[in-house]
Amino acid sequence: MSTAAQVVRSEWTKIRSVASTVWTLSLALVVTVALGMLISALAKNEFGGMGVRDRLSFDPTFISFAGTGLGQLAMIVFGVLVVANEYSTGMIRTSLAAVPQRGTFLFSKIAVATVLALVVGMATSVLAFFLGQAMLGDLGASIGDPGVLRAVVGGGLYMTLIAVFSMGVAAMLRSPMLSLAVLMPFFFLISNILANVSATEKIGRFLPDQAGSRVMEVVTPIGDDTPYGPWGGLGIMVLWVIAALAGGYAVLKRRDA
Amino acid sequence: MIEAVGLTKRYGDKTAVYNLSFQVRPGAVTGFLGPNGSGKSTTMRMILGLDNPTAGHVTIGGYPYRRLPNAPRQVGALLDAKAVHGGRSARNHLLSLAQLSGIPARRVDEVLGVVGLQDVAGRRSKGFSLGMGQRLGIAAALLGDPQVLLFDEPVNGLDPEGILWVRNLMKSLAAEGRTVFVSSHLMSEMALTADHLIVIGRGQLLSDMSVKDFISANSADFARVRTPDTEPQLREKLTSALTEAGGQVLPEQDGALRVTGLPLPRISDIAHDSGVRLWELSPHQASLEEAYMRMTQGAVDYRSVADQKAGLQQPLPPGAQPPMPVPGQGQPGWYAPPPPQQGGQPFPAPQGTPGPYGAPAAPGGQPSPNPYAQPAPQGGAPGGPAAEPPAQPAQPPAQPAAAPAAPATAPATNPTKSEDAR
């Protein structure tokens, strides 16, 4: 059996045998879906009082994904803990003594966690869409409408990529507390501020979450001059993820465990 | 077979391990001894390819660990008993490690039985005691049935039964022809477990020899002879008579004499012939612990000083005497002189050794009560100038600057100081 297959089996045992996996992933799903439903219900009530401009920009699909901003924080915790727990417990030494091929170890580990995040991310996205549309009632979009299926699939990919990005950052920082202290405020506050203040807007929209979330939009807001499309935005996010993983790999390869 | 050649590790400007060369052979338990912070764990991590040496190299069976084919089936290691995810059960912890090394899952239950954890295998390791954690770590090391085993402080936190079990386990693993490398800071434990000893201090090799050689080089029988404290001239007389008869005599801290090279009855006869009364004549053996402490004491990084308790103690009632320190106890850095027949050090002295024997003994003038001493009617207070031994071969020239303040005076002065401050 190849080393990678061994690491994958081992990592699956590790990931299913700690409670934090269940907690973080179920929290990501529940928060995203529940908040999406709540905001969808509120949007339905307010639609009558909206101006023409707002009605033209009304994007029922994107509204049902409104919980992503909060739910992604649980995904970040999942990604950080999967990698950084090895360091905080000291398991990394035992693991690397068993698998001296550090690259194989890191990427097999991340692959297992990514597949799990993808499954949960897709389920979250599908549930958030259909339950959100149910709340919106006759204002809701149908999965067959143009661009909607892309947005739903994209929503699942977005959640997955956020988790993988966190894994890369955690592999660089090697501490769960430090990684969370960097990632949480960044995605919850700083990125939003940078993307909404006009002075920094042009830079802010190239940040991973701002670019990636574009894939969940179906109706482009009026006056939007974003220089990339939905898939282009997700591509920018993928570049961020690759950079984080490369950084994590470089740190693991070079530094003492 | 583990072989280190010129192994050096620096962290910034701190050198953790310097120019360490040694071999660990199969079929024997090799003890790796050194004080805390002497570089044992760093060396272990370099053997396992976890840390990269700054210079030199270390190989297992001729390969650097990271190029060793099928490494986890050849080498098993316990580095840190607490290096487990507390939320994972013991069985799942071992299962993940077994899968990582391509070891069948049934082996997990086998090693759980070997270390005696089968009844708590399903419990989260968060609730494990340090001793249970050590057992879990040993189980992980045994998973791959490896030919080379490394254990970093395996007996820490174990109960006496557990210590005995580890000792027998190491011996039986070595008897099967495996290479067993065990680090410890307990000389007494290693003397019972190991066949070979590698001693390091401040990251440098101090000694590399078999336990048998170490014992014969460092631990010798001697007789302790005590003459009446009240008549110091008797001690001088006996010293010269014993030296004349071919014995070696060293004065001890509290005024007794340490005699080697003469059997006890002969010492008694000589004393009788010279007309010297004896208050004590007893057989002793210098312990290995003592030899080890003497060897490493120049290389100890973390040393306690006497607790001054400034301002914390009740002032003594007027006229009361502060408690006298017991010789050799509560005096950091004092160890009995080495067995004299060696005529020197069987091992290279560590850097910065203060005295000729590396023992920063307290100056001779320090009052040290003899447990046998009666209140002297006249003159000869213990430790007074007249009580100084005539020949002082083992007396270090001066108290080294590193030694803490003389503990005998500290408790006496502090209460008055704190009283003055009020």
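Chains as they are written, first to last, in my numbering: chain P, 1 to 257; chain V, 258 to 679. For each residue, glycine too, the CB sits at the ideal point set by N, CA and C. Because the structure is a prediction, the values reported are computed rather than measured.
Continuous beta strand (DSSP E) stretch holding glutamate 260/V: start and end: Glutamate 260/V -> beta strand (DSSP E) spans 259-268.
Below-9 Å beta-carbon distance, alanine 378/V vs any chain P residue: No, alanine 378/V lies away from the interface with chain P (no Cβ there is under 9 Å from its Cβ).
Contact set between lysine 271/V and chain P, taken where Cβ atoms lie within less than 9 Å: Within chain P, no residue comes near lysine 271/V; the closest Cβ sits about 14 Å away, beyond 9 Å.
Residues bridged to serine 346/V [DSSP beta-bridge criterion]: According to DSSP, which records beta bridges pairwise, serine 346/V is partnered with Arg381/V.
Spatial neighbours of valine 7/P in its chain, beta-carbon cut-off 7 Å, leaving aside the 5 residues before and after: Val99, Thr104, Phe105, Ser108 and Lys109, listed in sequence order.
Near-chain P residues of the stretch 523-541 of chain V - C-beta to any C-beta below 7 Å: If you check each beta-carbon in the stretch 523-541 of chain V against every beta-carbon of chain P, none falls closer than 7 Å.
Selection of the stretch 302-313 of chain V by Cβ proximity to chain P, strictly under 8 Å: Listed by position along the chain: Arg302, Leu305, Gly306, Leu307, Asp308 and Asn309.
Strand pairing of alanine 480/V, partner residues [DSSP]: Per DSSP, Val516/V and Pro540/V.
Contact set between leucine 336/V and chain P, taken where Cβ atoms lie within less than 9 Å: Here the neighbours are Gly90, Arg93, Thr94 and Ala97.
Members of the stretch 339-373 of chain V near chain P, C-beta cut-off 7 Å: The residues in question are Lys339, Ala340, Val341, His342, Gly344, Arg345, Ser346, Asn349, Leu352, Ser353, Leu354, Gln356, Leu357, Ser358 and Gly359.
Exposure of proline 654/V, with buried meaning 16 or more beta-carbon neighbours within 10 Å: Confidence in proline 654/V is poor, its pLDDT being 46 and thus under 50, which makes the residue's placement unreliable; the coordinate value appears in the next sentence. Flag for proline 654/V reads exposed.
Proximal chain V residues relative to serine 10/P, where beta-carbon distance stays under 9 Å: Residues of chain V passing the Cβ test: Leu352, Ser353, Leu354, Ala355, Gln356, Leu357 and Ser358.
Proximal chain P residues relative to proline 403/V, where beta-carbon distance stays under 9 Å: Those within 9 Å of proline 403/V in chain P number zero; the least Cβ separation is about 11 Å.
Straight-line gap, tryptophan 231/P to proline 310/V (C-alpha atoms, nearest Å): Taking the straight line from one Cα to the other gives about 46 Å.
Exposure of glutamine 631/V, with buried meaning 16 or more beta-carbon neighbours within 10 Å: The predicted position of glutamine 631/V is uncertain, since its pLDDT is 49 and thus under 50; a value taken from the coordinates is nonetheless stated next. Counting every other CB atom within 10 Å of its CB across the protein chains shown gives glutamine 631/V a total below 16, marking it as exposed.
Contact set between alanine 272/P and chain V, taken where Cβ atoms lie within less than 8 Å: Absent from the model: residue 272/P. The displayed extent of chain P is 1 to 257, so no value can be given.
Complete runs of the beta strand (DSSP E) confined to the stretch 437-463 of chain V [at least 3 residues]: With a minimum length of 3 residues, the continuous beta strand (DSSP E) runs that stay inside the stretch 437-463 of chain V are 453-458.
Chain-ordered chain P contacts of alanine 323/V [CB-CB under 7 Å]: Checking the sequence shown, residue 323/V turns out to be arginine, not alanine. Here the neighbours are Pro100.
C-alpha gap between methionine 237/P and glycine 156/P, whole angstroms: Inter-residue distance for methionine 237/P and glycine 156/P is about 13 Å (C-alpha atoms, whole angstroms).
Close-in-space but distant-in-sequence residues of the same chain around asparagine 413/V (CB under 8 Å, 5 per side omitted): Residues Ala338, Leu387 and Gln391 of the same chain have their beta carbon placed closer than 8 Å to that of asparagine 413/V, with the five preceding and five following residues left out of the count.
Whether alanine 261/V touches glycine 318/V by CB criterion (9 Å): Contact flag unset, no.
Between the CA atoms of glycine 458/V and glutamine 505/V - distance to the nearest angstrom: One C-alpha to the other measures close to 30 Å.
Where glycine 317/V falls: helix, strand or coil (DSSP): The displayed chain sequence assigns isoleucine, not glycine, to residue 317/V. Residue state, collapsed to three classes: strand.
Phenylalanine 165/P versus leucine 245/P - alpha carbon distance: In this structure, the straight-line span from the alpha carbon of phenylalanine 165/P to that of leucine 245/P is close to 7 Å.
Own chain, CB closer than 8 Å to isoleucine 162/P, minus 5 neighbours either side, in chain order: Once the five neighbours on either side are set aside, the close Cβ partners of isoleucine 162/P are Gln72, Met75, Ile76, Gly79, Phe187, Pro208, Asp209 and Gly212.
Range covered by the alpha helix (DSSP H) that runs through valine 281/V: Element bounds for valine 281/V: not the alpha helix (DSSP H) but the beta strand (DSSP E), 271-281.
CB contact check: valine 281/V to chain P, cutoff 9 Å: Chain P, which has no Cβ nearer than 9 Å to the Cβ of valine 281/V, makes this no.
Best match in Ala171/P, Gly121/P and Val182/P for proximity to tyrosine 249/P [C-alpha to C-alpha]: When each option's Cα is compared against that of tyrosine 249/P, the closest is Ala171/P.
Exposed unless 16 or more other CB atoms sit within 10 angstroms - verdict on arginine 348/V: Arginine 348/V counts as buried, since no fewer than 16 other beta carbons sit within 10 angstroms of its beta carbon.
Straight-line Cα distance separating threonine 436/V from glutamine 331/V: Roughly 10 Å separates the two Cα atoms.
Inter-stretch contact at 8 Å, needing at least 3 Cβ pairs: the stretch 391-403 of chain V / the stretch 360-370 of chain V: Under the three-pair Cβ rule at 8 Å, the stretch 391-403 of chain V counts as touching the stretch 360-370 of chain V.
Reduced DSSP category for glutamine 331/V - H, G, I as helix; E, B as strand; rest coil: DSSP places glutamine 331/V in helix when its eight states are reduced to three.
Whole beta strand (DSSP E) elements within the stretch 84-163 of chain P, 3-residue minimum: Counting only runs of 3 or more, we get nothing.
Glutamine 375/V (DSSP reduced to helix, strand or coil): If DSSP states are grouped into helix, strand and coil, glutamine 375/V belongs with the helices.
Residues near phenylalanine 65/P in its chain [Cβ-Cβ closer than 7 Å; skip 5 each side]: Result list for phenylalanine 65/P: Gly36, Ala128, Gly155 and Met216, in chain order.
Simplified DSSP state of phenylalanine 289/V, which is helix, strand or coil: Three-state result, phenylalanine 289/V: strand.
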